[in-house]
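Written out as structure tokens, the structure is:
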């Protein structure tokens with residue numbers, strides 16, 4: 001018959017260290033809005049264009065810096081005037097609309113090409 005009373009024999013108590021090491025955050029690079037490809041790519045192309053204009057789509061691709069350079073004039077035109085022609089870029093309601101600051105940085109970058 002078993003009893004709920006502790007036995008006379010004592011076993012060693014084992015403690016396990018359950019402390020969790022804190023996760024070290026990965027540093028995030030803040031890219032300023034400026035007239036450089038790195039900035040243009042981060043603040044305009046990745047946010048507002050690449051979802052549709054990529055290597056897997058039938059549309060013109062903006063995957064590489066050369067793609068963006070080759071199409072810079074059209075990109076600026078469609079962002080500024082596309083809605084007047086019934087072809088808003090980026091399409092409204094789908095991706096972020098670039099701010100005036102981002103668009104100006106893009107145009108400044110494109111001018112030096």
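Residue numbers (the numbering used here): 1 to 113.
Just so you know, even glycine gets a beta-carbon here, dropped at the ideal spot from N, CA and C.
For the region 25–106, the continuous alpha helix (DSSP H) assignments of 4+ residues that do not extend past its boundaries occur at 37–40, 65–70 and 72–81, in sequence order.
Under the three-state reduction of DSSP output, residue 21 falls in the coil class, being neither helix nor strand. The beta-carbon separation of residue 49 and residue 90, rounded to 6 Å, stays under the 8 Å limit for a contact.
Straight-line measurement puts the Cα of residue 18 at about 58 Å from the Cα of residue 80.
DSSP, reduced to helix, strand and coil, places residue 14 outside both helices and strands of the structure shown, so it counts as coil. 8 Å or more divides the Cβ of residue 43 from the Cβ of residue 112. Closest in C-alpha terms to residue 95, from the list 26, 46 and 23, comes 46.
Buried is the label assigned to residue 75, since at least 16 other Cβ atoms lie within 10 Å of its Cβ. Between residue 62 and residue 35, the alpha-carbon positions lie close to 17 Å from each other.
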